[in-house]
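Letter 61 of the sequence shown, counting from 1, is numbered 60 in numbering that gives the first Met the number 0, and no numbers are missing. The beta-carbon is built from N, C-alpha and C at its ideal position, and this holds for glycine as well. In what follows, a structure is listed as structure tokens, so that the remarks can point back to it.
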Amino acid sequence: MNSHDLVVTPTCVRFLNRRFPRTIGRGGITGDKREGDGATPRGIHRIVGMLYRPDRMARPADWAIPIRPRDLWSDDVKDQDYNLMVRAPYPHSHEALRRADPLYDLVLITDWNWPRAERGKGSAIFIHQWRRPGYPTAGCVAFDPQDLRWIASRITYETKLIVL
């Protein structure tokens with residue numbers, strides 16, 4: 000653990016010697032993550048991607064990938080593409096990455112249950128902006144939009160999300 004890691008504590012996230020308010024999953028933190036449980040998985044997670052809405056913001060980092068109108072994330076435990084980015088039309092259960100609300104305007108993808116997902120162990124564990132302070136997520140870690148942009152512009156290949 001170092002200052003370049005995002006360390007989730009009971010009250011905040013520590014990063015680069017600063018503390019940021021955050022929200023986590025409505026199911027709290029778990030060591031036994033299951034699809035749909037609303038919990039944030041405990042552990043050390045690499046950040047493996049960054050997505051952003053180019054129609055709503057400038058590219059937050061040189062390695063960020065734009066979210067296109069048909070981009071989705073599979074959350075169907077029966078599908079071979081479970082816990083992977085897919086494209087519409089897509090006949091299985093999924094989350095739209097390009098949303099009407101700003102929740103996924105900037106998304107950091109973690110390696111939770113990725114890239115070879117174990118079916119039912121949880122999908123789409125992201126870092127994204129919160130709906131409002133204190134409002135829980137479905138298992139992700141969420142931040143104030145300005146804090147998220149500040150963090151995204153400073154993470155490196157070595158940065159990890161550490162959920163204690």
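Residue i and residue j look like a contact to me (Cβ under 8 Å); what is the Cβ gap, rounded to whole Å?
i, j, result
"T158", "I46", "6 Å"
"W111", "L96", "Actually they do not touch by this definition, with Cβ atoms about 16 Å apart."
Alpha carbon to alpha carbon, what distance is there between residue j and residue i?
i, j, result
"K77", "M49", "26 Å"
"D54", "W62", "17 Å"
"P65", "E94", "16 Å"
"A39", "R69", "The sequence shown places Thr at residue 39, not Ala. Near 27 Å, if we compare the C-alpha coordinates of R69 and T39."
"S152", "Q145", "11 Å"
"R67", "L163", "34 Å"
"M56", "I154", "18 Å"
By the 10 Å Cβ neighbour count, where 16 or more other Cβ atoms means buried, how is residue i classified, buried or exposed?
i, result
"T109", "buried"
"W113", "buried"
"C11", "exposed"
"R115", "exposed"
"Y134", "exposed"
"A99", "exposed"
Can residue i and residue j be called in contact, C-beta distance under 8 Å?
i, j, result
"L147", "F125", "no"
"W129", "A137", "no"
"G119", "R58", "no"
"L160", "H127", "no"
"D75", "A123", "no"
For the alpha helix (DSSP H) that residue i lies in, which residues bound it at each end?
i, result
"R148", "P144 to A151"
Could you check where the beta strand (DSSP E) with residue i kicks off and where it finishes?
i, result
"Q128", "F125 to Q128"
"D70", "D70 to S73"
At the 8 Å Cβ level, is residue i part of the contact set with chain B, yes or no?
i, result
"D78", "The structure shown contains no chain B; it is built from a single protein chain."
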